[in-house]
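S.K.: This is the structure I have questions about; it appears just below.
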Amino acid sequence: MTELTPPQTDRKTWMSLLAKAPAADLARLWEAHGAAPGFTWLRAPEVGAVMVRGRAGATGAPFNLGEMSVTRCSLRLKDGAVGHAYVQGRDKDKARIAALVDALMQGAGAAALRSAVLEPLERGLADVAQARAAKAAATKVEFFTMVRGENA
Amino acid sequence: MTGTTVLEGGFADAPVQASRAFRAALNAMARPGRIEAISGGQAPAPVSGAAATLLLTLCDPETPLHLAGAHGCPEVREWVAFHLGAPLVGKGEAMFALGTWEALGSLEDYPQGVPEYPDRSATLIVEVGRLANEGARLTGPGVKDEAFLTLPDPDAFRRNAAQFPLGVDCYFTSGGRIAALPRSTRIG
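What follows is the structure, encoded as structure tokens:
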């Protein structure tokens, strides 16, 4: 696998965040940010299915976990920046906003956009993950094995 | 035509445009020699609008594609990667092939199907300079009495037709027009 340059890993991070973010939160933050750049579609939003594969314990043989719906689109801003989006679910408007954010993040307004949209989304996802982990931790069962004399 | 970048040229309204293009492709193949208008797609040069539309309509990640000669330039390969996702392969594994008649070479180099599965054969998209209802005389299924079509090399298509039910099917594209020649058509 080829090594990614820092801008590429950066872009990968925000695209991943946009793909997983809840549509309502993304729409609300995007509205609040107030940017509405003109754009043309390179690929209008389309819904498809992808097979999610997993590995038991992250090292086992790959198996098909199941299919999930994904919406993708690509667009070009007036200034020539190209944005792509592949997002969870079948919300075409979420795909449009995600692609716009992706395109704008490559331009001059990246820092403002990052603090207005990406960082709140990141915090929201981290909170959800933490709440879920805390709930799971509360039900954790500890197993003990007594040390038996004959094995000593 | 010039200035089409690799990310542009897809269908703006895919369901409608793909259906119209498919209808044109179907009519052309069902009535050998009939010239149909087809539009909607644009690919980087040297791919014609008709060929780009055919590719957008017929190809996807499950159809191995062969790009012959000048049609295999980096811009076209990237356009195929973005819009079709079709794997690019050599002549022997291709399900579709695109190029000029000279670049495509011998029809025998492409999959001809096998007697149990004659459908496992290639469909060639041949870019021609001129498409007109004159020249070679076509008869057979889908042709009432007779039809005429400018063919690049009638002898090669005669040999192809002699192999029926095996053989390849061809689309001819020029600008925004297509015609087709299935293996079932007799020439001359």
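Residue numbers (my numbering), protein chains in the order written: chain A, 113 to 264; chain B, 12 to 199. Every residue, glycine too, gets a C-beta built ideally from N, C-alpha and C.
Between A:217, A:203, A:251, A:159, which lies nearest to residue 122 (chain A) when the distance is taken from Cα to Cα?
M.R.: On the first sequence, position 10 is the one that residue 122 (chain A) refers to. Considering only alpha carbons, the answer is A:217.
S.K.: Examine chain A for any beta-carbon lying closer than 8 Å to the beta-carbon of residue 173 (chain B), and answer yes or no.
M.R.: Within the second sequence, residue 173 (chain B) is the residue found at index 162, counting from 1. Answer no: the Cβ-Cβ gap between residue 173 (chain B) and chain A never drops below 8 Å.
S.K.: Checking contacts by CB at 8 Å: is residue 21 (chain B) closer than that to chain A?
M.R.: As a position in the second sequence, residue 21 (chain B) is number 10, starting the count at 1. Taking Cβ atoms only, chain A reaches closer than 8 Å to residue 21 (chain B), which makes this a yes.
S.K.: Which residues does DSSP list as the beta-bridge partners of residue 176 (chain A)?
M.R.: Within the first sequence, residue 176 (chain A) is the residue found at index 64, counting from 1. Answer is A:165, bridged to residue 176 (chain A).
S.K.: On a Cα-Cα basis, can you pick out the residue from B:154, B:162, B:160, B:83 that is closest to residue 195 (chain B)?
M.R.: In the second sequence, residue 195 (chain B) corresponds to position 184, counting from 1. Among B:154, B:162, B:160, B:83, the Cα nearest to that of residue 195 (chain B) belongs to B:154.
S.K.: Quick one: list the residues of chain C neighbouring residue 25 (chain B), beta-carbon separation under 8 Å, in chain order.
M.R.: Absent from the structure: chain C. Protein chains present are A and B.
S.K.: Inspect the beta-carbon positions of residue 35 (chain B) and residue 47 (chain B) and report whether they are closer than 8 Å.
M.R.: Position 24 of the second sequence, counted from the first residue, corresponds to residue 35 (chain B). Position 36 of the second sequence, counted from the first residue, corresponds to residue 47 (chain B). Contact: yes.
S.K.: Report all residues from its chain with a CB closer than 7 Å to the CB of residue 196 (chain A); omit the five preceding and five following residues, and keep chain order.
M.R.: Sequence index remark: in the first sequence, residue 196 (chain A) carries index 84 (1-based). Counting only Cβ-Cβ distances below 7 Å, and skipping sequence neighbours, we find 186, 211, 214.
S.K.: Distance check for residue 200 (chain A) and residue 127 (chain B), CA to CA, integer angstroms please.
M.R.: Residue numbering aside, residue 127 (chain B) sits at position 116 when the second sequence is read from its first letter. Residue numbering aside, residue 200 (chain A) sits at position 88 when the first sequence is read from its first letter. Roughly 42 Å between the two C-alpha positions.
S.K.: Is residue 157 (chain A) closer than 8 Å to residue 167 (chain A) when the C-beta atoms are compared?
M.R.: Locating residue 167 (chain A) in the first sequence gives position 55, counting from the first residue. Locating residue 157 (chain A) in the first sequence gives position 45, counting from the first residue. No, the Cβ-Cβ distance between residue 167 (chain A) and residue 157 (chain A) is not below 8 Å.
S.K.: In whole angstroms, what separates the C-alpha of residue 131 (chain B) from that of residue 70 (chain B)?
M.R.: By one-based count along the second sequence, residue 131 (chain B) stands at place 120. By one-based count along the second sequence, residue 70 (chain B) stands at place 59. So the alpha carbons of these two residues sit roughly 15 Å apart.
S.K.: Looking at C-alpha atoms only, which residue of B:192, B:80, B:160 is the closest neighbour of residue 56 (chain B)?
M.R.: Numbered from 1 along the second sequence, position 45 holds the residue referred to as residue 56 (chain B). Comparing Cα positions, the closest option is B:80.
S.K.: Which complete beta strand (DSSP E) runs does the stretch 98-156 of chain B hold, if anything under 3 residues is left out?
M.R.: Runs of the beta strand (DSSP E) inside the stretch 98-156 of chain B: 107-111, 134-138, 147-150.
S.K.: Would you mind stating whether residue 129 (chain A) and residue 233 (chain A) have Cβ atoms separated by less than 8 Å?
M.R.: The sequence position of residue 129 (chain A) within the first sequence is 17, counting from 1. The sequence position of residue 233 (chain A) within the first sequence is 121, counting from 1. Their beta carbons are under 8 Å apart, which means residue 129 (chain A) touches residue 233 (chain A) by this criterion.
S.K.: Roughly how many whole angstroms lie between the Cα atoms of residue 104 (chain B) and residue 121 (chain B)?
M.R.: Here residue 104 (chain B) refers to the residue found at position 93 of the second sequence. Here residue 121 (chain B) refers to the residue found at position 110 of the second sequence. C-alpha separation (whole angstroms): 7 Å.
S.K.: Could you run through the stretch 177-189 of chain A and flag, in chain order, every residue whose CB is less than 9 Å away from some CB of chain B?
M.R.: Listed by position along the chain: 186, 188.
S.K.: Going by DSSP in three states, residue 32 (chain B) sits in which element: helix, strand or coil?
M.R.: For this step, residue 32 (chain B) is matched to residue 21 along the second sequence. In the structure shown, residue 32 (chain B) sits in a helix (DSSP, three-state: H, G or I).
S.K.: Considering only DSSP beta bridges, list what residue 185 (chain A) is partnered with.
M.R.: Residue 185 (chain A) sits at position 73 when you count from the first residue of the first sequence. Answer is A:197.
S.K.: Give the secondary structure of residue 86 (chain B) by DSSP, where H, G and I count as helix, E and B as strand, and everything else as coil.
M.R.: Here residue 86 (chain B) is taken as the residue at index 75 of the second sequence, counted from 1. Residue 86 (chain B): helix per DSSP, three-state reduction.
S.K.: Whole angstroms is fine: what's the gap from residue 176 (chain B)'s alpha carbon to residue 59 (chain B)'s?
M.R.: Here residue 176 (chain B) is taken as the residue at index 165 of the second sequence, counted from 1. Here residue 59 (chain B) is taken as the residue at index 48 of the second sequence, counted from 1. Between residue 176 (chain B) and residue 59 (chain B), the C-alpha separation is close to 30 Å.
S.K.: Since residue 206 (chain B) and residue 108 (chain B) should fall inside the 8 Å C-beta cutoff, what is the C-beta to C-beta distance between them, to a whole number of angstroms?
M.R.: Lying before the first or after the last residue shown, residue 206 (chain B) is absent from chain B, which here runs from 12 to 199.
S.K.: Rank B:199, B:193, B:23, B:26 by C-alpha distance to the C-alpha of residue 123 (chain B) and give the top, closest one.
M.R.: If you number the second sequence from 1, residue 123 (chain B) lands on position 112. If we check each option's Cα against that of residue 123 (chain B), B:193 comes out closest.
S.K.: If we count Cβ pairs, one from each stretch, closer than 8 Å, do we get three or more for the stretch 14-28 of chain B versus the stretch 88-95 of chain B?
M.R.: Judged by Cβ distances under 8 Å, the stretch 14-28 of chain B makes contact with the stretch 88-95 of chain B, as three or more pairs qualify.
S.K.: So, under 8 Å CB-CB, residue 83 (chain B) and residue 67 (chain B) are touching, yes? Tell me the CB distance rounded to an integer number of Å.
M.R.: Along the second sequence, one-based indexing puts residue 83 (chain B) at 72. Along the second sequence, one-based indexing puts residue 67 (chain B) at 56. Not a contact, Cβ separation roughly 18 Å.
S.K.: Whole angstroms is fine: what's the gap from residue 147 (chain A)'s alpha carbon to residue 135 (chain A)'s?
M.R.: Counting from 1 along the first sequence, the entry for residue 147 (chain A) is found at position 35. Counting from 1 along the first sequence, the entry for residue 135 (chain A) is found at position 23. About 17 Å.
S.K.: Quick one: does residue 18 (chain B) have its CB under 8 Å from some CB of chain A?
M.R.: To locate residue 18 (chain B), count along the second sequence from 1; it is residue 7. Yes - at least one Cβ of chain A is within 8 Å of the one on residue 18 (chain B).
S.K.: Where do the N-terminal and C-terminal ends of the beta strand (DSSP E) with residue 189 (chain B) fall, by residue?
M.R.: As a working mapping, residue 189 (chain B) is identified with position 178 in the second sequence. Start and end: 188-192.
S.K.: Going along chain B, which residues have a C-beta under 8 Å from residue 194 (chain A)?
M.R.: In the first sequence, counting from the first residue as 1, residue 194 (chain A) sits at position 82. Simply 18.
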